[in-house]
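Structure first, commentary second.
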Amino acid sequence: MQEIGHWINGKLVKGTSGRFSDIYNPATGEVQARVALASPAELAAFIKENYDFAVGGACFPEVHPEAPDLDTDLNYLKQKVDAGAEFLVTQLFFDNSAYFKFVDAAREKGIDVPILAGIIPVTGYAHTKRICDLCDATIPAHLEQAMLAAEGDAEAEFNLGVAYAAQQCAELLAAGAPGIHFYALNKAPATRAVLGALRAARPWLGARGEAVTA
Numbered sequence: 001m002q003e004i005g006h007w008i009n010g011k012l013v014k015g016t017s018g019r020f021s022d023i024y025n026p027a028t029g030e031v032q033a034r035v036a037l038a039s040p041a042e043l044a045a046f047i048k049e050n051y052d053f054a055v056g057g058a059c060f061p062e063v064h065p066e067a068p069d070l071d072t073d074l075n076y077l078k079q080k081v082d083a084g085a086e087f088l089v090t091q092l093f094f095d096n097s098a099y100f101k102f103v104d105a106a107r108e109k110g111i112d113v114p115i116l117a118g119i120i121p122v123t124g125y126a127h128t129k130r131i132c133d134l135c136d137a138t139i140p141a142h143l144e145q146a147m148l149a150a151e152g153d154a155e156a157e158f159n160l161g162v163a164y165a166a167q168q169c170a171e172l173l174a175a176g177a178p179g180i181h182f183y184a185l186n187k188a189p190a191t192r193a194v195l196g197a198l199r200a201a202r203p204w205l206g207a208r209g210e211a212v213t214a
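Mapping to the working numbering: the sequence shown position 16 is 16, numbers consecutive.
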């Protein structure tokens with residue numbers, strides 16, 4: 001634990017793998033050290049006990065790929081929150097109903113921290129499909145069909161991805177989601193376009209019961 005404390009002072013902790021936490025150098029992105037930890041919950045507890053900054057955790061609206069079911073996944077998520085995670089960020093998803101159902105289930109488990117929605121504006125269908133295959137995220141049939149209809153046209157896929165993400169975020173914010181985490185993947189134009197649409201529409205005002213005026 002002394003080693004992880006030393007690295008936190010000047011480096012960045014970027015998640016756990018098995019029984020180890022990888023310590024990354026923010027300047028290079030390279031792993032600088034690996035320290036023994038039983039779980040992300042133990043990492044959260046260590047940081048909260050020794051450092052004065054917020055700790056966030058990951059969560060999975062469509063269930064973690066290694067969890068047998070939602071209930072087991074939520075029980076483990078509760079351990080992370082009890083250990084000190086002050087907010088949660090979801091894995092990417094495209095079906096807002098999955099987020100809303102997940103939040104309701106988390107609240108029933110006593111998980112009361114903010115749960116930010118993780119959104120990826122699709123900038124290229126093939127690339128996004130590979131990412132979803134890796135993390136077991138589902139692309140709804142209607143979105144998949146629309147992307148396939150673009151027949152590989154990069155501009156059409158980009159415009160469709162921006163429009164879909166903007167609509168998705170507007171619905172989430174209007175329904176009370178506390179925030180959006182964008183998986184921009186170093187492709188800022190799509191995220192900037194979505195943010196521009198949201199600034200114009202201001203859907204969060206509806207969640208607070210305020211009138212949206214031009």
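Every residue gets a Cβ at the ideal spot worked out from N, C-alpha and C, and that includes glycine.
query	result
Would you mind reading off the limits of the alpha helix (DSSP H) that contains A141?	141-149
From what residue to what residue does the alpha helix (DSSP H) around V194 run?	188-201
Below 7 Å CB to CB, which residues in the same chain sit around A166 once its five sequence neighbours on both sides are set aside?	V194, A197, L198
Among all the DSSP beta bridges, which residues are the ones paired with V89?	A58, L116
In terms of residue numbering, what span does the alpha helix (DSSP H) encompassing I131 cover?	125-135
Report the CB separation of A41 from Q79 in whole angstroms; it is logged as a contact under 8 Å.	4 Å
According to DSSP, is F100 part of a helix, a strand, or is it coil?	helix
Mark G176 as exposed unless 16 or more other C-beta atoms lie within 10 angstroms of its C-beta, in which case mark it buried.	exposed
Terminal residues of the continuous alpha helix (DSSP H) containing I47?	40-50
Reducing DSSP to helix, strand and coil, say where F158 ends up.	helix
By Cβ distance below 6 Å, which residues in the same chain neighbour I120 in space, the five residues on each side in sequence not counted?	L92, Y183
Could you tell me which of R202, N96, Y125 sits nearest to E155, measuring between CA atoms?	Y125
Measuring CB to CB, does F102 end up less than 9 Å from F60?	yes
If you follow the alpha helix (DSSP H) that T72 is part of, which residue opens it and which one closes it?	70-83
Applying the criterion that 16 or more other CB atoms from any shown protein chain within 10 Å of the CB defines a buried residue, is C135 buried or exposed?	exposed
Just tell me which of L77, C132, H127 has its CA closest to the CA of R107.	L77
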